[in-house]
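From first to last, the protein sequence lines are chains H and E. Residue numbers for the first sequence follow my numbering, beginning at 10 and rising by one. Residue numbers for the second sequence follow my numbering, beginning at 10 and rising by one. Backbone N, C-alpha and C fix where the C-beta goes; we use that ideal spot for every residue, glycine too. All values reported here derive from a predicted model rather than from experimental measurement. Structure, as structure tokens:
There are 2 protein chains.
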Amino acid sequence: MASSPIWASRTKTRGMVLDLIRGARTISRVELVAATGLTAPTISEVVRELMVDGLVVEAGRGASTGGKPPTLVQLNPPARYSVGVQLERNLCVIVIVDLAGRQIARTSFSGVASMPPERGLPLVAGQVNGMLETAAVERHKVLGVGLVSYGPQDRRAGALLTPQPTGEWLGYPVADRLAELLGLPVLLDNDAAAAAIGEYWMGAVDPRSTYGCIYMATGIGGGVVVAGEVYRGSSSNSVEIGHVSVDVNGDECTCGNLGCLENYAGPAALVRQALTTPGLGQRLALDPSGDDFLSEFARLAAAANAGDPAARGLIERSARYLGYAAVTMTTLFDLDTVVLAGPSFAVAGSIYQSVIQEEVDRRTFARQAHPVRVVPSVSGSDAAAIGGAVLVLQSELTLGRGRGPDGGAAPSSAGEAAVGTEV
Amino acid sequence: MASSPIWASRTKTRGMVLDLIRGARTISRVELVAATGLTAPTISEVVRELMVDGLVVEAGRGASTGGKPPTLVQLNPPARYSVGVQLERNLCVIVIVDLAGRQIARTSFSGVASMPPERGLPLVAGQVNGMLETAAVERHKVLGVGLVSYGPQDRRAGALLTPQPTGEWLGYPVADRLAELLGLPVLLDNDAAAAAIGEYWMGAVDPRSTYGCIYMATGIGGGVVVAGEVYRGSSSNSVEIGHVSVDVNGDECTCGNLGCLENYAGPAALVRQALTTPGLGQRLALDPSGDDFLSEFARLAAAANAGDPAARGLIERSARYLGYAAVTMTTLFDLDTVVLAGPSFAVAGSIYQSVIQEEVDRRTFARQAHPVRVVPSVSGSDAAAIGGAVLVLQSELTLGRGRGPDGGAAPSSAGEAAVGTEV
Chain H
10 MASSPIWASR TKTRGMVLDL IRGARTISRV ELVAATGLTA PTISEVVREL MVDGLVVEAG
70 RGASTGGKPP TLVQLNPPAR YSVGVQLERN LCVIVIVDLA GRQIARTSFS GVASMPPERG
130 LPLVAGQVNG MLETAAVERH KVLGVGLVSY GPQDRRAGAL LTPQPTGEWL GYPVADRLAE
190 LLGLPVLLDN DAAAAAIGEY WMGAVDPRST YGCIYMATGI GGGVVVAGEV YRGSSSNSVE
250 IGHVSVDVNG DECTCGNLGC LENYAGPAAL VRQALTTPGL GQRLALDPSG DDFLSEFARL
310 AAAANAGDPA ARGLIERSAR YLGYAAVTMT TLFDLDTVVL AGPSFAVAGS IYQSVIQEEV
370 DRRTFARQAH PVRVVPSVSG SDAAAIGGAV LVLQSELTLG RGRGPDGGAA PSSAGEAAVG
430 TEV
Chain E
10 MASSPIWASR TKTRGMVLDL IRGARTISRV ELVAATGLTA PTISEVVREL MVDGLVVEAG
70 RGASTGGKPP TLVQLNPPAR YSVGVQLERN LCVIVIVDLA GRQIARTSFS GVASMPPERG
130 LPLVAGQVNG MLETAAVERH KVLGVGLVSY GPQDRRAGAL LTPQPTGEWL GYPVADRLAE
190 LLGLPVLLDN DAAAAAIGEY WMGAVDPRST YGCIYMATGI GGGVVVAGEV YRGSSSNSVE
250 IGHVSVDVNG DECTCGNLGC LENYAGPAAL VRQALTTPGL GQRLALDPSG DDFLSEFARL
310 AAAANAGDPA ARGLIERSAR YLGYAAVTMT TLFDLDTVVL AGPSFAVAGS IYQSVIQEEV
370 DRRTFARQAH PVRVVPSVSG SDAAAIGGAV LVLQSELTLG RGRGPDGGAA PSSAGEAAVG
430 TEV
């Protein structure tokens, strides 16, 4: 029965209640009854279980509506932790977050992704172990690790389907290997999808929102979230906005498509454009043979922010292309919000935000139906790593795929049929 | 409580069972228990209710698995009907379908959409009434009317948000007015979304599929279906693929976007291209001042099918652009299938199908993860009208928004807690 819809619906009840508590920050049982439509005894039982598990604690009393003021409950942030690891071509970011998604430790370093996974993953595991120790996080409270990287991926097998960053990573069982090294569950997911769901967990968007995220680090990716869940498609390889064509007369990309956005607007393309702009490459001390596009792009962005006209012209041109692609996203997914996340937006955010907003306002097909806001991510540069950790929290706690803190299957038995406890 | 999640979940149980019976054609109660994870008494009670309502009937006995052969049940197609009305610039199609989605009456005529709605909608209502009478459909068995047309729409208000086909249609309460004229519930929806969901109801796709539909009549629209439900986005104005840019250096479209697909690949664009191709317009007797692009395009397509090189060249060029746009759809929505629906694909389907398949195979970002099939719609030319009728069946019967056949709120009381009847 464990995989039947009804069993899942009972676990989902617990997840739904926990998600409401998370979203509301503090909430009474009476408010939970009203929000869920569940009976008072069921809510009481579910909340009791969440308190026994330590996930939820009491938080004083709310305003009285006539009788005794109701007891409020809230998440207990230090009850559980998760780890987010972002593997990028030029950068690895690791964060530890608590149950509320708040970052309690962070580290970043380069070099890992240019090694074969047999060398890179032990380095990552060593860093994770060191961070958990330094932050004094009890290991049994760690729900798992969200390893996020670019697509395409075989998410179920925990493997990348691309020979990046080096050929050895193609098809290598990265999730299983890291799990083995750490003794913790590891899920592999898309960096942009992770960045997208992070916004929801942090309470930065309306829970009913259909919103998109454009994620820009070295490359450009995307994610869409519908009412708190990542839009997956057939194989979790969705919203690859960096490889959407903006010009079918453009050159063929290494991905096989024509005129891909990434080749017009991505950091690597911009650094190449800067190197061919008279004087600019020299002025910014760009390295024509380098491949650390994140750092070189940050220098270009800094010059643009400081008023260098050539640098600003390149960034604005990139923003215009991103605006066109954002219109494709809003017109196809009918989004109410577009979040800009990742290190490359973080360094030139205000230029990108205003140009993309302008294009979206002007060209989105259904703009008469509702406005579309373009906003920076609340997690900025680290959005993907934090989102990776959030995906673990969400998967384990609120999407009805729960495990107990001991790592075993410990589904809740609370559900619609639970009876007998007073609110 | 009527709108609470739990109430909805009980109605959903009934909808889920009905959808399984529909999808399986014939199925035993034991198989329904296995497929749903519900208890035998619950299944028994839900099936009993569906039989009392006449929606389901017994269908002989299945194969024995040891004991007594189980009784099978199936949909009772003549138990309910719905009406689909497609309003197109050059054409109005009306169909009546039974519970299985099978067409039992059809009519089509032109001219309505070039009238103001005060004149056009009474004509539509007159046709619907005549068809119901001729087909001897008892009115109390008609669940409602699905009125489908182009976007953008205010689906909740039942109004089009575009001054098409004439200025008077913009914001006019088309759904309310038609409901008033017919005395039947009317829902307004997007023609391409309707065409997409039709495939699911007809059993033409795997129920777990994430698939897309490109719908081409006079214009080009799109729909995506995820596990049997239309992808909606913020306001049900999603997947407007005709107004996705294929060339940001292209001309500004009337919609505000640059280089929209429709202006390169749509029937109106092709008829214009044919008129400027030396000799072709004359050879096909195209009318330079006409606006019945559907008929003129059909002549162009017939010439292409018959081997006219100039006509074939234009259709292949259009197919190539549609292929590029299909790649944008598959790369963003991660689709496993792309369905080509509507009258303009119906007349030149094989050319379009092979060229679009070629582009999708070659350029979709995640093509290593899984193949993407390009297929013609099982409902061909009438896919939108049939889909409109199907949206009513789905909305009323399987998505937990049910009404009884008397038009009043008659939610099922069956649910997880139902007990006491033997399977």
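Using beta carbons (cut-off 8 Å, strictly below), is residue i in contact with chain H?
{"i": "C264(E)", "result": "yes"}
{"i": "S247(E)", "result": "yes"}
{"i": "P161(E)", "result": "yes"}
{"i": "R372(E)", "result": "yes"}
{"i": "L29(E)", "result": "no"}
{"i": "T219(E)", "result": "yes"}
{"i": "R23(E)", "result": "no"}
{"i": "G322(E)", "result": "no"}
Does the beta-carbon of residue i, which I'm using as the reference point, lie nearer than 7 Å to any heavy atom of the ligand SAM?
{"i": "Y273(E)", "result": "The ligand SAM is not part of the structure shown, which contains no ligands of any sort."}
Taking CB distances under 8 Å as the criterion, tell me whether residue i reaches chain E.
{"i": "V26(H)", "result": "no"}
{"i": "N258(H)", "result": "yes"}
{"i": "D198(H)", "result": "no"}
{"i": "D215(H)", "result": "no"}
{"i": "V336(H)", "result": "yes"}
{"i": "D107(H)", "result": "no"}
{"i": "Q173(H)", "result": "no"}
{"i": "A375(H)", "result": "yes"}
{"i": "G411(H)", "result": "Here the model assigns G411(H) a pLDDT of 43, short of 50, so the residue's position is not dependable, and the following value carries that caveat. Not closer than 8 Å to any Cβ of chain E, the Cβ of G411(H) fails to qualify, so no."}
Do the CB positions of residue i and residue j come within less than 8 Å of each other?
{"i": "N85(E)", "j": "F302(E)", "result": "no"}
{"i": "N266(E)", "j": "G160(E)", "result": "no"}
{"i": "L95(E)", "j": "V195(E)", "result": "Strictly speaking, residue 95(E) in this sequence is Gln, with Leu absent from that position. No, these two residues do not count as a Cβ contact at 8 Å."}
{"i": "A205(H)", "j": "V348(H)", "result": "yes"}
{"i": "R89(E)", "j": "K21(E)", "result": "no"}
{"i": "A392(E)", "j": "V104(E)", "result": "no"}
{"i": "R326(E)", "j": "A313(E)", "result": "no"}
{"i": "T45(E)", "j": "I36(E)", "result": "no"}
{"i": "V257(E)", "j": "Y333(H)", "result": "yes"}
{"i": "V121(H)", "j": "V133(H)", "result": "yes"}
{"i": "T74(E)", "j": "V253(H)", "result": "no"}
{"i": "Q173(E)", "j": "L197(E)", "result": "no"}
With DSSP as the reference, please indicate the residues paired to residue i in a beta bridge.
{"i": "M225(H)", "result": "I229(H)"}
{"i": "T116(E)", "result": "I103(E)"}
{"i": "V248(H)", "result": "In DSSP, V248(H) forms no bridge with anything."}
{"i": "D256(E)", "result": "D256(H)"}
{"i": "V56(H)", "result": "Beta-bridge pairing links V56(H) to no other residue."}
{"i": "Y90(E)", "result": "D107(E) and V151(E)"}
{"i": "V157(H)", "result": "Q95(H) and D198(H)"}
{"i": "Y436(H)", "result": "Past the edges of chain H, shown from 10 to 432, lies residue 436(H), and the structure says nothing about it."}
{"i": "R70(E)", "result": "T80(E)"}
Run the CB neighbour count on residue i, radius 10 Å, all protein chains shown included, and call it buried at 16 or more, exposed below.
{"i": "V61(E)", "result": "exposed"}
{"i": "R34(H)", "result": "exposed"}
{"i": "K77(E)", "result": "exposed"}
{"i": "A328(E)", "result": "buried"}
{"i": "D107(H)", "result": "buried"}
{"i": "S123(H)", "result": "exposed"}
{"i": "T171(E)", "result": "buried"}
{"i": "F374(H)", "result": "buried"}
{"i": "E54(H)", "result": "buried"}
Taking residue i as the query, report the chain E residues whose CB atoms sit under 9 Å from its CB, ordered along the chain.
{"i": "T20(H)", "result": "Near T20(H) there are no residues of chain E at all, since even the closest Cβ is about 12 Å away, more than 9 Å."}
At a CB-CB cut-off below 7 Å, which residues of chain H make contact with residue i?
{"i": "D345(E)", "result": "S243"}
So with CB distances below 8 Å, who are the chain H contacts of residue i?
{"i": "L170(E)", "result": "A375, Q377 and A378"}
{"i": "Y333(E)", "result": "S254, V257 and L267"}
Name the chain E residues that come within less than 7 Å of residue i, Cβ to Cβ?
{"i": "T340(H)", "result": "E249, H252 and V253"}
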